[in-house]
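Just so we're aligned: the sequence shown equals residues 181 to 458 in the working numbering.
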Amino acid sequence: MVRSPRPGRRRLLLALGGVLALAACGAPPGGLDLWKSSTIRQAKERGRLIVALEPEFRPFEYIDEGGNLVGFDVDLCEILRQELNVERVEFLRVNFDVIISTLLSGEADLIVSGMTALPERALRVSYSDPYFHTVTCLLVSRERAADVRSVAELDRPERVVAVKQGTTGEIAARKRCPRARLVSFPTENAAALEVASGRADAFLYDKKSVEQHHARHPDTTFLILDPVTVEPYAIACRKGDPDTVAWLNLVLHHLRRDGRLEELYAKHGLEDSGDGPR
Ligand code: ARG
181 MVRSPRPGRR RLLLALGGVL ALAACGAPPG GLDLWKSSTI RQAKERGRLI VALEPEFRPF
241 EYIDEGGNLV GFDVDLCEIL RQELNVERVE FLRVNFDVII STLLSGEADL IVSGMTALPE
301 RALRVSYSDP YFHTVTCLLV SRERAADVRS VAELDRPERV VAVKQGTTGE IAARKRCPRA
361 RLVSFPTENA AALEVASGRA DAFLYDKKSV EQHHARHPDT TFLILDPVTV EPYAIACRKG
421 DPDTVAWLNL VLHHLRRDGR LEELYAKHGL EDSGDGPR
């Protein structure tokens, strides 16, 4: 008769089997391999943090008159550099509509680019906690849409809504004005110009940007500041990397607590929309 091991021993054997199976897969208990391959550790070893951004988004990332890359996110990356204690940050300039694929390809460690953390995007990348909140709103053409008062009034077949490719403004416009004609532009300047020149009724985008485009074209445009969406900006990294997410969140926690985040808001003329629209 073949006797099976006593229940106590059976449990022990099962546990041992589990450990061996895990070891065979190259993942020892305790997740040490995860740490080895984590972005934050690799950047540390390389002595350089590589960040993808699209510098057409004042005041978060843009090129100043002297040709320098500056902005809130650039300063935030400098803080990450200090906390990681590496030599430098390398900024990889990419179009916003390919920014996630740039991260996923491994060319960049992080995305710090005024990027809204959206549930659907979070199926492809992981996000830190939010470091800023914005609302999206409308830059409207005086010539074509002087009577328009809300996003709902743009939801008509004769209306033209401009958006920037791959942004949350584009996603929101598809949801909120499905009947309007959507025109999608590779740059925010092109989308804003479409409105300023009377070829589109409105441009739906993040508040700080539309305010600046309105300031540039005060005679031909006006603003509808009622929030279309409320959006958290967060840092993105590749999935399956809990150490990087935890490290970023810890840095952000300190920044919030010791006043450095508030200082950065003030430096760049930002007001966080916090828990509710502002
Ligand atoms: N917050 C918007 C989004 O996530 C727009 C971000 C654009 N950022 C930039 N650096 N161009 O879609």
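Virtual Cβ for every residue (Gly too), placed ideally from N, Cα, C.
query, result
"Consult DSSP for cysteine 357 and reduce its assignment to one of helix, strand or coil.", "coil"
"May I have the straight-line CA-CA distance separating valine 390 from arginine 379, to the nearest angstrom?", "17 angstroms"
"Cutting at 7 angstroms between CB atoms, please list the residues of its own chain near alanine 204, excluding the five before and the five after it.", "Note that alanine 204 has pLDDT 49, beneath the 50 cutoff, so the model's placement of it is unreliable and no number is given."
"Assuming lysine 224 and valine 266 are in contact, meaning their beta carbons sit under 8 angstroms apart, how far apart are those beta carbons, in whole angstroms?", "6 angstroms"
"Just tell me which of Leu403, Ala325, Glu374 and Ile243 has its CA closest to the CA of aspartate 386.", "Leu403"
"Classify alanine 446: buried if its beta carbon has 16 or more other beta carbons within 10 angstroms, exposed otherwise.", "exposed"
"So, with DSSP's three-state summary, where would you put valine 199?", "Its pLDDT being 46, under 50, valine 199 is placed unreliably in this model, and the value from its coordinates should be taken loosely. Residue state, collapsed to three classes: helix."
"Evaluate contact between the region 304-316 and the region 259-273, counting only Cβ atoms and requiring at least three cross-stretch pairs below 8 angstroms.", "no"
"Which two residues bound the contiguous alpha helix (DSSP H) that contains tyrosine 445?", "440-447"
"Nearest by alpha-carbon distance to leucine 318: which of Thr296, Arg329, Leu432 and Arg354 is it?", "Arg329"
"Do you know whose CA, among Thr348, Glu368 and Gly294, lies nearest glutamate 300's CA?", "Thr348"
"Would you check if there are 3 or more beta carbon pairs closer than 8 angstroms linking the region 330-344 to the region 352-368?", "yes"
"For the putative contact between glycine 294 and glutamate 333, defined by C-beta atoms under 8 angstroms, what is the C-beta separation to the nearest angstrom?", "With a Cβ gap of about 28 angstroms, glycine 294 and glutamate 333 do not count as contacting."
"Using only the alpha-carbon positions, how far apart do asparagine 429 and aspartate 438 sit?", "14 angstroms"
"Are the CB atoms of proline 239 and histidine 448 nearer to each other than 8 angstroms?", "yes"
"For glutamate 270, list the residues DSSP reports as bridge partners.", "Ile230"
"Examine the ligand ARG and report whether any of its heavy atoms sits within less than 7 angstroms of the Cβ of serine 308.", "no"
"Report yes if the CB atom of proline 366 is closer than 8 angstroms to the CB atom of glutamine 345, and no otherwise.", "yes"
"How far does the alpha helix (DSSP H) with alanine 372 in it reach, from first residue to last?", "368-376"
"Leaving out five residues before and five after proline 358 in sequence, what residues of the same chain have Cβ atoms less than 8 angstroms from its Cβ?", "Asp335"
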